[in-house]
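Participant: Quick note, the sequence shown lines up with residues 56 to 439 if you use the working numbering.
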Amino acid sequence: MATQRKRNPNGAGTITKRKDGRFQCAVYVLQPDGTRARKFAYGKTWAECDTKRRELLSKVDNGIPVPTRSAKLADWLPYWLENMIQPRRKRTTYAKYEVHVRLYLVPMLGTKRLESLSVADVRRFLVRLERQTTAATAKESHKVLRTALSAACREELIMRNVVTLVEPPQVESRDLSPWSLDETLDFLTAARRDPLYAAFVLAIALGFRRGEIVGLRWENVDLDKREIRVRKQRQRVGGEAYDDDPKGRRRRQDLPLPAICIAPLRWQRLRQAAMRERAGDKWQESGYVFTTRTGRPIEPRNVYRSFTRVASTAGLRVIRLHDARHGCATLLTAAGVAPRVVMEILGHSQIAVTMNVYTHVVQDTQREAVSHMDRMLKRRVGRE
Numbered sequence: 056m057a058t059q060r061k062r063n064p065n066g067a068g069t070i071t072k073r074k075d076g077r078f079q080c081a082v083y084v085l086q087p088d089g090t091r092a093r094k095f096a097y098g099k100t101w102a103e104c105d106t107k108r109r110e111l112l113s114k115v116d117n118g119i120p121v122p123t124r125s126a127k128l129a130d131w132l133p134y135w136l137e138n139m140i141q142p143r144r145k146r147t148t149y150a151k152y153e154v155h156v157r158l159y160l161v162p163m164l165g166t167k168r169l170e171s172l173s174v175a176d177v178r179r180f181l182v183r184l185e186r187q188t189t190a191a192t193a194k195e196s197h198k199v200l201r202t203a204l205s206a207a208c209r210e211e212l213i214m215r216n217v218v219t220l221v222e223p224p225q226v227e228s229r230d231l232s233p234w235s236l237d238e239t240l241d242f243l244t245a246a247r248r249d250p251l252y253a254a255f256v257l258a259i260a261l262g263f264r265r266g267e268i269v270g271l272r273w274e275n276v277d278l279d280k281r282e283i284r285v286r287k288q289r290q291r292v293g294g295e296a297y298d299d300d301p302k303g304r305r306r307r308q309d310l311p312l313p314a315i316c317i318a319p320l321r322w323q324r325l326r327q328a329a330m331r332e333r334a335g336d337k338w339q340e341s342g343y344v345f346t347t348r349t350g351r352p353i354e355p356r357n358v359y360r361s362f363t364r365v366a367s368t369a370g371l372r373v374i375r376l377h378d379a380r381h382g383c384a385t386l387l388t389a390a391g392v393a394p395r396v397v398m399e400i401l402g403h404s405q406i407a408v409t410m411n412v413y414t415h416v417v418q419d420t421q422r423e424a425v426s427h428m429d430r431m432l433k434r435r436v437g438r439e
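1. Pull up the CB-CB distance for Gly68 and Cys80, whole angstroms please, since I reckon it's below 8 Å.
2. Is Ser367 buried or exposed, if buried means 16 or more other CB atoms sit within 10 Å of its CB?
3. Tell me the residue span of the alpha helix (DSSP H) that contains Arg356.
4. Taking Cβ positions, are Lys107 and Ala96 nearer each other than 7 Å?
5. Please report how far the alpha carbon of Ser361 lies from the alpha carbon of Trp135, in whole angstroms.
6. Which word fits Val156, buried or exposed, when buried means at least 16 other C-beta atoms lie within 10 angstroms of its C-beta?
7. If contact is defined by three or more beta carbon pairs under 8 Å, each pair taking one atom from either stretch, is the region 308 to 317 in contact with the region 347 to 354?
8. Do Leu257 and Ile268 come within 7 Å of each other at the CB atom, strictly closer than that value?
9. For Arg60 and Thr71, I'd like the C-alpha separation in whole angstroms.
10. Give me, in chain order, the residues of the same chain whose beta-carbon lies closer than 7 Å to that of Ile353; leave out the 5 immediate sequence neighbours on both sides.
11. Give a yes or no on contact between the region 291 to 304 and the region 223 to 243, applying the rule of three or more CB pairs nearer than 8 Å.
12. I'd like the span of the alpha helix (DSSP H) that includes Lys194, first residue to last.
13. Could you check what DSSP says for Ala258 in three-state terms: helix, strand or coil?
14. Would Arg272 and Gly342 be called neighbours here (beta carbons separated by less than 7 Å)?
15. Only counting the same chain, and skipping five residues up and downstream in sequence, which positions put a Cβ closer than 7 Å to that of Pro319?
16. Report all residues from its chain with a CB closer than 8 Å to the CB of Arg178; omit the five preceding and five following residues, and keep chain order.
17. From Ala57 to Trp101, what does the alpha carbon distance come to, in whole angstroms?
See below:
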């Protein structure tokens with residue numbers, strides 16, 4: 056009597072022989088959206104098909120998604136944003152990526168499937184996007200798409216990331232033109248009576264970013280020890296203001312306060328105490344250094360508005376508030392401060408960033424050194 060063949064346990068999949076002579080296995084696998092679906096694999100022999108069945112079961116046991124059909128970019132990119140970027144990255148990063156996915160990647164590449172996306176598809180997309188927008192926008196979209204497909208590779212949804220094979224568009228570096236020392240001093244003189252004078256001094260003397268200025272709290276300012284710490288930066292994304300970690304780990308270290316910052320910060324504390332007294336019950340204690348008349352944190356964009364207004368009134372070139380960081384590096388480098396120290400003060404993650412951005416300052420210093428050498432040689436030759 057023939058023995059009855061044992062059935063595979065539930066969830067172990069099945070193997071059957073097709074009419075064309077090949078073998079087919081079927082296994083229920085996890086989908087990228089969290090659902091389960093039946094995945095088929097084929098082999099010329101039963102053993103070959105069983106090997107593929109075991110590989111699928113191994114991915115099921117390890118919780119690795121296995122799409123039954125290659126997902127379209129229009130499906131994968133929103134899933135990647137919601138489940139991989141939003142929970143782990145800064146809100147500003149998520150907001151920037153979301154814009155590129157919504158405006159460019161999905162409309163122009165959304166119908167392409169992950170496995171069928173080719174190098175030529177990516178190259179045509181970048182050329183078209185650069186024509187419609189700018190090289191900088193196309194380069195940023197290249198970065199977003201590359202990051203998204205790298206995540207798809209880690210999820211084993213695709214075998215390779217074709218975006219890494221395509222060079223991003225070349226973007227011309229913006230010509231930096233920070234204020235000279237005289238222009239900087241003229242601005243500080245004109246801003247002396249402005250309510251945000253202390254904020255401008257921090258931006259110029261220590262290279263504070265706008266969010267770092269707005270997010271600064273009194274608990275992180277020690278005027279007696281002349282120390283200041285950057286613990287948070289205040290941002291506004293999607294209509295919501297919030298405190299976030301500062302950009303770069305180096306920014307969290309204690310920084311010595313230059314003497315030029317002490318008096319403006321003491322004046323700001325006295326000014327805030329007077330506002331608190333006038334506001335009375337309307338005052339909302341927040342602990343921020345720069346606040347509104349009722350104690351609420353000021354809007355980041357209002358710092359820039361005041362900055363440009365003072366510069367324009369003083370007849371100076373109107374530059375970005377962020378360029379005050381460039382001016383800070385200009386002053387520090389011209390004063391002979393080592394690039395490594397400049398990097399620490401400005402919170403750059405790599406010395407290359409400091410040197411690449413402020414090369415023109417080094418060149419100016421070299422020209423001054425050469426001129427000084429020429430003067431010395433001329434005096435020596437004249438004596439002989």
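Every residue, glycine too, gets a C-beta built ideally from N, C-alpha and C.
Computed from a predicted model, the values in this text were never measured in an experiment.
Facilitator: On the basis of the coordinates in this document:
1. Your numbering for residue 68 matches position 13 in the sequence shown. Your numbering for residue 80 matches position 25 in the sequence shown. With a Cβ gap of about 6 Å, Gly68 and Cys80 count as contacting.
2. Here the question's residue 367 lines up with position 312 in the sequence shown. The residue in question, Ser367, is exposed, as its Cβ has fewer than 16 Cβ neighbours within 10 Å.
3. On the sequence shown, position 301 is the one that residue 356 refers to. From DSSP, the alpha helix (DSSP H) with Arg356 extends over 355 to 368.
4. Counted from its first residue, the sequence shown places residue 107 at position 52. Counted from its first residue, the sequence shown places residue 96 at position 41. Yes, these two residues count as a Cβ contact at 7 Å.
5. The residue labelled residue 361 in the question sits at position 306 within the sequence shown. The residue labelled residue 135 in the question sits at position 80 within the sequence shown. C-alpha separation (whole angstroms): 39 Å.
6. The residue labelled residue 156 in the question sits at position 101 within the sequence shown. By the 10 Å Cβ count, Val156 comes out buried.
7. no
8. By one-based count along the sequence shown, residue 268 stands at place 213. By one-based count along the sequence shown, residue 257 stands at place 202. For Ile268 and Leu257, yes; Cβs fall inside 7 Å.
9. Within the sequence shown, numbered from 1, the residue matching residue 60 stands at position 5. Within the sequence shown, numbered from 1, the residue matching residue 71 stands at position 16. Residue placement at Arg60 cannot be trusted, given a pLDDT of 47 that sits under 50; the coordinates are not used to answer.
10. Taking the sequence shown and counting its residues from 1, one reaches residue 353 at position 298. The residues are Val269, Phe345, Thr346, Thr347.
11. no
12. Residue 194 sits at position 139 when you count from the first residue of the sequence shown. Its alpha helix (DSSP H) spans residues 190 to 209.
13. Your numbering for residue 258 matches position 203 in the sequence shown. Here Ala258 sits in helix by DSSP.
14. Within the sequence shown, residue 272 is the residue found at index 217, counting from 1. Within the sequence shown, residue 342 is the residue found at index 287, counting from 1. Against a cut-off of 7 Å, the Cβ pair of Gly342 and Arg272 comes out as a contact.
15. For the purposes of this step, residue 319 is identified with residue 264 of the sequence shown, where counting begins at 1. Closer than 7 Å at Cβ, skipping near neighbours: Tyr252, Ala253, Val256.
16. Within the sequence shown, the letter at position 123 stands for residue 178. So the list reads Val221, once near-sequence residues are dropped.
17. The residue given as residue 57 occupies position 2 in the sequence shown. The residue given as residue 101 occupies position 46 in the sequence shown. Unreliable positioning characterises Ala57 in this predicted model, as indicated by a pLDDT of 47, which lies under 50. The coordinate reading is nonetheless provided below. So the two alpha carbons sit approximately 21 Å from each other.
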